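K.L.:
In the numbering used here, the protein residues as written are 48 to 377.
Below are the structure tokens for one structure; questions will follow.
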Amino acid sequence: MAFAGSGIGNSANSNVKADIPVTLVRGKNTIDLLSLTVGLQNYGPFYDKVGAGITGPVKLNGKNGGSFDLSSQKWTYQIGLKGEELDLRSGISSRWISKSTLPKKQPLIWYKTTFDAPAGSNPVALDFLGLGKGEAWVNGQSIGRYWPAFIAFSNGCNEKCDYRGPYGSGKCRKNCGKPSQQLYHVPRSWLKPSGNTLVLFEEMGGDPTQISFATRQIQSLCAQVSETHPLPVDMWNSDSTAASNSGPVLSLKCPFPKQVISSITFASFGTPIGSCGGFSHGQCRNNMALSIVRKACVGSNSCSIEVSINKFGDPCQGVTKSLAVEASCT
């Protein structure tokens with residue numbers, strides 16, 4: 048049995064047509080088709096009738112123009128992979144073998160390695176640049192499917208992002224020509240100080256030696272909530288007078304239990320503009336917003352502030368206002 052080829056669909060056209068050259072032997076030949084669905088369409092007209100998997104037809108085309116439709120032939124099927132049945136993802140199967148040379152750029156292959164947890168307490172991610180498409184397990188726990196070989200469109204990115212007005216799929220694009228995702232989070236609660244196991248099932252073919260770890264230090268907390276945002280979920284079923292008179296809530300929380308909000312680097316109630324790291328005041332602002340937020344948040348691990356004119360006053364009547372905050376934790 049030899050790998051012959053593959054095809055990939057996309058959101059614009061989920062129907063994959065692949066013309067794959069094959070070499071046949073005299074006598075009986077077997078064709079194996081592996082279908083993997085990464086997400087199902089959940090919008091658009093008649094999306095529930097799009098289907099998934101192999102919808103046919105499957106044809107064998109000859110060099111001289113003839114063809115033979117295999118769709119009505121007798122087919123068998125199984126759910127899952129042999130490697131899943133053998134529980135290779137746990138890393139303890141006796142089927143694992145070691146080789147002096149690691150196979151690279153080979154499709155439909157399982158890899159396993161061990162590693163020590165990165166030092167410190169910052170969030171950990173795996174950088175899968177160099178791999179194609181597949182799934183990864185850390186200590187037997189799936190961190191999800193990876194697909195760094197899926198490259199975003201090379202054009203259509205905007206230097207400035209403004210979500211106002213009608214929304215479309217081309218609005219506020221960024222990272223054009225780059226992998227749709229490269230870093231994949233690994234919860235530290237899954238890691239041991241040493242002897243951790245990483246298992247990969249690589250579908251397209253890649254180089255696992257290029258995998259690296261990345262840690263991220265959260266330098267700022269940011270949030271922006273409009274006075275038209277819905278109430279917090281825990282108040283949706285409340286019939287109390289307090290709930291009916293309350294407004295939306297902006298909440299901040301440091302990533303680690305022992306951290307506290309040490310400073311508020313920006314706070315504005317009115318029409319602030321920009322995004323995290325680049326907030327600025329708009330034409331409408333309340334001059335007391337910074338002191339109100341500092342009083343509510345500094346020194347605490349988390350804080351919640353009602354976003355309403357009852358809390359901040361009304362700096363510009365008839366205008367929908369929002370509260371934007373940027374804070375630091377230590």
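Beta carbons: idealized from backbone N, C-alpha and C, even for Gly.
Source: prediction; values computed, not measured.
Would residue 307 and residue 365 be called neighbours here (beta carbons separated by less than 8 Å)?
P.N.:
Within the sequence shown, residue 307 is the residue found at index 260, counting from 1. Within the sequence shown, residue 365 is the residue found at index 318, counting from 1. Their beta carbons are not under 8 Å apart, which means residue 307 does not touch residue 365 by this criterion.
K.L.:
Could you spell out where the beta strand (DSSP E) holding residue 299 opens and where it closes?
P.N.:
Here residue 299 corresponds to residue number 252 of the sequence shown, with the count starting at 1. 296-300 is the extent of the beta strand (DSSP E) around residue 299.
K.L.:
Taking 8 Å as the threshold (C-beta atoms), are residue 196 and residue 224 in contact?
P.N.:
To locate residue 224, count along the sequence shown from 1; it is residue 177. To locate residue 196, count along the sequence shown from 1; it is residue 149. The answer is no: Cβ separation not under 8 Å.
K.L.:
Measure the CB-CB distance between residue 129 and residue 115 and report whether it falls below 8 Å.
P.N.:
Counting from 1 along the sequence shown, the entry for residue 129 is found at position 82. Counting from 1 along the sequence shown, the entry for residue 115 is found at position 68. The answer is no: Cβ separation not under 8 Å.
K.L.:
Going straight from the alpha carbon of residue 251 to that of residue 341, what length do you get?
P.N.:
The residue given as residue 251 occupies position 204 in the sequence shown. The residue given as residue 341 occupies position 294 in the sequence shown. Those two C-alpha atoms are separated by around 51 Å.
K.L.:
At the level of alpha carbons, what is the spacing between residue 87 and residue 62?
P.N.:
As a working note, residue 87 is residue 40 in the sequence shown. As a working note, residue 62 is residue 15 in the sequence shown. Distance between the alpha carbons of residue 87 and residue 62 is about 13 Å.
K.L.:
Going by other Cβ atoms of all chains shown within 10 Å of its Cβ, with 16 needed for buried, is residue 374 buried or exposed?
P.N.:
As a working note, residue 374 is residue 327 in the sequence shown. Residue 374 is buried by the Cβ-count criterion.
K.L.:
According to DSSP, what are the bridge partners of residue 233?
P.N.:
Working through the sequence shown from its first residue, we reach residue 233 at position 186. DSSP output for residue 233 lists 171 as bridge partner(s).
K.L.:
Runs of 3 residues minimum, wholly inside the stretch 152-219: which ones carry the beta strand (DSSP E) assignment?
P.N.:
Here the runs fully enclosed are 156-162, 171-174, 181-185, 188-193.
K.L.:
If I follow the unbroken beta strand (DSSP E) through residue 130, where does it start and stop?
P.N.:
The count along the sequence shown starts at 1 and reaches residue 130 at position 83. Residue 130 -> not in any beta strand (DSSP E); alpha helix (DSSP H) instead, spanning 129-132.
K.L.:
Kindly indicate which three-state DSSP category residue 73 falls into: helix, strand or coil?
P.N.:
In the sequence shown, the residue the question calls residue 73 occupies position 26. In this structure, residue 73 counts as coil in the three-state DSSP scheme.
K.L.:
Measure the Cβ-Cβ separation of residue 379 and residue 326 and say whether it is below 8 Å.
P.N.:
Nothing can be reported for residue 379, as the shown portion of the chain is limited to 48 through 377.
K.L.:
Return helix, strand or coil for residue 257, following the three-state DSSP convention.
P.N.:
As a first step, residue 257 must be located in the sequence shown, where it is residue number 210. It is helical.
K.L.:
Just verifying my parser: in three-state terms, what is the DSSP assignment at residue 63?
P.N.:
Position 16 of the sequence shown, counted from the start, is the residue given in the question as residue 63. In the structure shown, residue 63 sits in coil (DSSP, three-state: anything other than H, G, I, E or B).
K.L.:
Mapping DSSP to helix, strand and coil, what is residue 106?
P.N.:
In the sequence shown, counting from the first residue as 1, residue 106 sits at position 59. Strand at residue 106.
K.L.:
If you compare alpha carbons, which of 358, 72, 265 is closest to residue 301?
P.N.:
Position 254 of the sequence shown, counted from the first residue, corresponds to residue 301. Here the closest residue by C-alpha is 265.
K.L.:
I need the straight-line Cα distance from residue 212 to residue 135, nearest angstrom please.
P.N.:
Your numbering for residue 212 matches position 165 in the sequence shown. Your numbering for residue 135 matches position 88 in the sequence shown. Computed Cα separation, rounded: 50 Å.
K.L.:
Label residue 294 either buried or exposed according to how many other C-beta atoms from any shown protein chain fall within 10 Å of its C-beta, with 16 as the threshold for buried.
P.N.:
Walking along the sequence shown from the start, residue 294 turns up at place 247. Label assigned to residue 294: buried.
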